[in-house]
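Have a look at the structure below, then the notes.
Quick look at the structure:
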């Protein structure tokens, strides 16, 4: 720590010694820079990042997309994801949120779409949520869309036919 250094000066007229105190402020400067660095770091780490929202163009006619480039996910309870290609909701299959499950499924579909359309930007994922799914599942699948670089994805309401197909699978 800083020492208080006392210097003595003699005053010849009165014969008393006069003491002056001198404080070393180097540690205070070090502390100030540490605090500035700490607060700069914490403010940059606290920045919130949001996903970009792409809204459909409502002025023109809706585009028709090939069913072979579509993949529909239905989020259900207990971290279960039901999926089906195109509009074949009767052919429901089940997967999970692991990298061998959902991520590998998306990569495989991107590979198929790329072979057919010469680009994987044609893949369209439709996300539907049951009443039993939780918010974490929705965030996880949206994160997977970003990680796997899915260009087009949308959220839709679950239809009665899809709901019945899920109940038949259980």
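In my numbering, the protein residues as written are 981 to 1150.
Don't be surprised by glycine CBs; every beta carbon is placed ideally from N, CA and C.
Note to self: Quick check on DSSP: helix, strand or coil for residue 1051?
What the structure shows: strand
Check: Once you ignore the five residues that flank residue 1117 on each side, which residues in its own chain have a CB closer than 6 angstroms to its CB?
Finding: Excluding the 5 residues flanking it on each side, residue 1117 has same chain C-beta neighbours closer than 6 angstroms at 1055, in chain order.
Check: Is any heavy atom in the ligand ATP found nearer than 7 angstroms to the beta carbon of residue 998?
Finding: In terms of ligand content, the structure shown is empty, and the ligand ATP therefore cannot be addressed.
Checklist line | Length of the line joining the Cα atoms of residue 1057 and residue 1127 | finding: 23 angstroms
Check: Can you name, in chain order, every residue of its own chain whose Cβ lies under 8 angstroms from the Cβ of residue 1073, other than the five neighbours on each side?
Finding: 1062, 1063, 1064
Margin query: Classify residue 1029: buried if its beta carbon has 16 or more other beta carbons within 10 angstroms, exposed otherwise.
Written below: exposed
Item checked: Per DSSP, cross-strand counterpart(s) of residue 1135 -> 1107
Next item on the list: Out of 1135, 1108, 1132, state which residue places its alpha-carbon closest to the alpha-carbon of residue 1141.
Entry: 1108
Checklist line | Alpha carbon of residue 1106 to alpha carbon of residue 1134, nearest angstrom | finding: One Cα belongs to residue 1106, the other to residue 1134, and the distance between them is close to 5 angstroms.
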